[in-house]
Each structure stands twice: as structure tokens, then as C-alpha cells.
Amino acid sequence: KPDDPNQFMLLPAFARRKYKHLIEQQKDFLADALSSPFNQFHLDGKDKSLGIIACGLAYNYLMENYPQGDIPYPVLKISHYPVPQEPIHTLYQLCDRLLILEEGMPVLEGSIKGMGLGMTKPIHGRLDGTIPRDGELNPIIVAKALGLNTTYGQDAPSELVPRPPSLCVGCPHIDSYNALNDALAEYGKGHVFSDIGCYTLGFLPPYHAINSCVDMGASVTMAKGAADAGLFPAVAVIGDSTFAHSGLTGLLDCIYDKSNVLIVILDNATTGMTGGQDYTAAGRLEDICAGLGVERDHIRVFTPFKKNHNEMVQIYTEEIAYNGVSVVIPRRECVQILKRKNKME
Numbered sequence: 513k514p515d516d517p518n519q520f521m522l523l524p525a526f527a528r529r530k531y532k533h534l535i536e537q538q539k540d541f542l543a544d545a546l547s548s549p550f551n552q553f554h555l556d557g558k559d560k561s562l563g564i565i566a567c568g569l570a571y572n573y574l575m576e577n578y579p580q581g582d583i584p585y586p587v588l589k590i591s592h593y594p595v596p597q598e599p600i601h602t603l604y605q606l607c608d609r610l611l612i613l614e615e616g617m618p619v620l621e622g623s624i625k626g627m628g629l630g631m632t633k634p635i636h637g638r639l640d641g642t643i644p645r646d647g648e649l650n651p652i653i654v655a656k657a658l659g660l661n662t663t664y665g666q667d668a669p670s671e672l673v674p675r676p677p678s679l680c681v682g683c684p685h686i687d688s689y690n691a692l693n694d695a696l697a698e699y700g701k702g703h704v705f706s707d708i709g710c711y712t713l714g715f716l717p718p719y720h721a722i723n724s725c726v727d728m729g730a731s732v733t734m735a736k737g738a739a740d741a742g743l744f745p746a747v748a749v750i751g752d753s754t755f756a757h758s759g760l761t762g763l764l765d766c767i768y769d770k771s772n773v774l775i776v777i778l779d780n781a782t783t784g785m786t787g788g789q790d791y792t793a794a795g796r797l798e799d800i801c802a803g804l805g806v807e808r809d810h811i812r813v814f815t816p817f818k819k820n821h822n823e824m825v826q827i828y829t830e831e832i833a834y835n836g837v838s839v840v841i842p843r844r845e846c847v848q849i850l851k852r853k854n855k856m857e
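Here it is as C-alpha cells:
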């Protein structure tokens, strides 16, 4: 039982009080970070022309360039937040310039420039281009920032063709997309709004079946918005588990507003992209859609196999032509889950 039963009640009066309490705790958080064993200050480096602040994994990338640990510069390793200011001030005063190594956004670099250090000494990192502004950090990038000529392994041969990710061989989504493409062929591109899942790979060659991927549930709501704005046909593609998680409310809005949309729920009987977990709507998608208000005659189910291609195209075509909300459910088990079951038997 919590000491404060109202701690999760974020009415304005409570929220203001909790925010004040959070601010009051900052000094304790900073004290913990200052004494943390995960924040380490190495002053052994004798070359004070440069001080290095390395955050988290960036410290490992730095040390890969000095496998004997003989780095010539003072180094501050940051792995416990909030960032303690005292060692940063010390390093700034000690060295002629600073190099900030951090993954992703230059959060610490920007914060340091706002700490009131006087800005009389150069601070290098992603913001000034010493480290590329985009992309992942790695030991080679760190080496270049330090002016080292370190190389790692061999360069990839120029004739090596990249292999982008693809749908699994035998994946049911392949047959579902091939049929959908044929059904939409006369309308051109720009009609299919997808969700996030392994089926998002339908954007890539050879399918080119979908035109958007924003966040969970956006397929249905974007298709609805496009349909209401006059796009025809407007098709949403969403996975079965994603539909259970984030698609129900969007479908309910489609039904309430009588939007002219086709919702394709790719039912592979699992949460395929994250390891094959069960989900709440398994085996009940038709009843759920009917319960929300989709007419039973326009909830269509088929088994996506190549041999059923013509039937699948026909179902898609009929539901595209229907003026209202329709749901098509291509249903076949994920091949990876099927392989796993067969191994267990």
C-alpha cells in the first residue's frame, strides 16, 4: 500500500504538489549520481589539450581505440543520471577543449553548453560536426574524431549487394498482399495505410503493397481520415494482435461515422514480430468486429494461399466496392510459429 494513496491522481492540485516534490528531490538525485560508481572520472591522462566525456556505450567505443587502457586524455564516464555538474566543470577547467561522445541525440552536449561554463573553450560533438549528426556511433567514428588512423577489419566489397529484410518464405502475408495488389491495380498507388508489424515489410520489393507506417493503430484512423476526405478506395492493413491493442477504437469511429473504408486484419494467430506471444482477441476477431457494429455480411474471412488467389482477389474487390465499413480477415498461422510447433511434436 503506498504511503500517499493519491500519488497517481494527477488532478492539477495534486500534480503541482508532486512536481514541487520532484524538484525538491533533484539535489538528492544529483548527490547519488555524483557518488555513483557508474560515473567515473579518470584524470590519469597527461595530455590536457582535450578532455573527453563519454556516455554509456560510447565509453566502450572510446576504449576500443585504446585496448591497453593508455588513453592520453582525461576522461569522464557518464552512466548514472542526472548528469553531475561538478566533474564536468572540473574537466572543463582542466582541459583546453572537450569532446562529447554520446549515442543518438546530442542531449548532454546541448546541456553542457547551457551550464554556464563561459563558452570560452571549444566543445566538440554532434552539434559542431566532429561526430556525424545522424547515424549510430561506433569505434571508427570515435577514432576519426580523435584523429586516429585506427582500422577495424576489412571494408565490405563494393560489389556486395545489400540484403534488406523480407517476409519469411511461406509467410501468409505474401499471398494476402499479392491478392490485394491485384484488387487495387486499377486504382494506382497511395490507397493502403499500414500499421507496425512484420507485415510492414510489404512496403519493400517485390510487393510495394502499403503506403504508410506511423504508429500502432494509425492504419485504421489514417484510412478513415483519407476516406472521409474523399480518397477511394481507402484500405487499412493491421495485424491481428495490433488490432486488439490499438485498432478497436479506430474501427469504432469508422462505424459511427459510416466511413467508406476496408480494414484488412492480417490474422497469423500470434504476435509474430515480438516472438509469438498470445493476444486477447485470438479466435474472436469476427465477433469483435460484429460487436462493434460491422455488418456480418461484410466481415469476410479467407485462407491466404496461392491456390486461393482468385477467390481472395474477388473478396477484396467486392468489399472495396461496398460503400461502408468492411473487414477482410486473411487467416493463416505464422510459419515461424508452425515450425516451432512441429519441432515440439
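Counting from 513, one number per residue, gives the positions in the sequence shown under the working numbering. Even glycine gets a Cβ: it sits at the ideal position worked out from N, Cα and C.
Problem set entry | C-beta contact flag for HIS685 and LEU696 at 8 Å | no
Exercise. Contact check, GLY759 vs VAL726 under 8 Å by CB: the rounded distance?
Worked result: Not really, about 13 Å apart at Cβ, beyond 8 Å.
Problem set entry | Touching by the beta-carbon criterion (3+ pairs, under 8 Å), the stretch 799–807 and the stretch 750–769 | yes
Problem set entry | Rounded C-alpha distance that separates LEU603 from LYS625 | 14 Å
For this session: Report, in whole angstroms, the separation of the C-beta atoms of CYS607 and LEU562, which I expect to be a contact under 8 Å.
Result: 6 Å
Exercise. Is ALA735 near PHE705, with beta carbons less than 8 Å apart?
Worked result: Yes, the pair counts as a contact, with Cβ atoms nearer than the cut-off.
Exercise. Going by beta carbon distance, what residues of the same chain come within less than 6 Å of GLY875, once the five residues before and after it are set aside?
Worked result: Outside the modelled stretch of the chain, which goes from 513 to 857, sits residue 875, for which no answer is possible.
For this session: Give the straight-line distance between the Cα atoms of ILE653 and ALA738, rounded to the nearest whole angstrom.
Result: Spanning the alpha carbons of ILE653 and ALA738 requires a straight line of approximately 44 Å.
Exercise. Is MET824 closer than 8 Å to GLY709 when the C-beta atoms are compared?
Worked result: no
Exercise. Taking Cβ positions, are GLU621 and ILE612 nearer each other than 8 Å?
Worked result: yes
Exercise. Is ARG808 helix, strand or coil when you go by DSSP?
Worked result: Here DSSP, grouped into helix, strand and coil, assigns ARG808 to helix.
Exercise. Rounded to a whole number of angstroms, what is the C-alpha to C-alpha distance between ASP556 and GLU614?
Worked result: 22 Å
Exercise. Who are GLN789's beta bridge partners in DSSP?
Worked result: THR783
Problem set entry | Cα-Cα separation, LYS633 to ASP582 | 25 Å
Exercise. Who does ILE565 pair with in a DSSP beta bridge?
Worked result: LEU588, ILE612
Exercise. For LEU639 versus TYR573, is the C-beta spacing smaller than 8 Å?
Worked result: no
Problem set entry | Inter-residue Cα distance where the pair is MET728 and ILE827 | 26 Å
Exercise. For CYS505, which three-state DSSP category applies?
Worked result: Not covered by the structure: residue 505. The range shown for the chain is 513 to 857.
Problem set entry | Pick from PRO618, GLY659, ASP515, PRO816 that is closest to GLY647, judged by C-alpha positions | PRO618
Exercise. From VAL747 to SER838, what does the alpha carbon distance come to, in whole angstroms?
Worked result: Computed Cα separation, rounded: 10 Å.
Problem set entry | Own chain, CB closer than 7 Å to GLU576, minus 5 neighbours either side, in chain order | PRO651
Exercise. How many angstroms separate the CA atom of LYS853 from the CA atom of THR815?
Worked result: One C-alpha to the other measures close to 20 Å.
Exercise. What residue from PRO584, ASN835, ALA527, SER623 has the CA that sits closest to HIS601's CA?
Worked result: SER623
Problem set entry | Three-state class that DSSP yields for ILE849 in the structure shown | helix
Exercise. Of all the options ARG645, ARG609, ASN693, CYS683, which has the alpha carbon lying nearest to the alpha carbon of ILE921?
Worked result: Here the chain has residues from 513 to 857 only, and residue 921 is not among them.
Problem set entry | Rounded C-alpha distance that separates GLN537 from PRO586 | 31 Å
Exercise. VAL840 and LEU774: beta carbons closer than 8 Å?
Worked result: yes
For this session: List the whole-angstrom C-beta distance separating TYR861 from PRO644, where the pair is believed to meet the contact cut-off of C-beta under 8 Å.
Result: No answer is possible for residue 861: the residues shown for the chain start at 513 and end at 857.
Exercise. For HIS533 and chain C, any beta-carbon pair shorter than 8 Å?
Worked result: Checking the listed chains, one finds no chain C in this structure; it contains a single protein chain.
Exercise. So what does DSSP say about LEU534, is it helix, strand or coil?
Worked result: In this structure, LEU534 counts as helix in the three-state DSSP scheme.
Problem set entry | Coil, strand or helix - ARG528 by DSSP | helix
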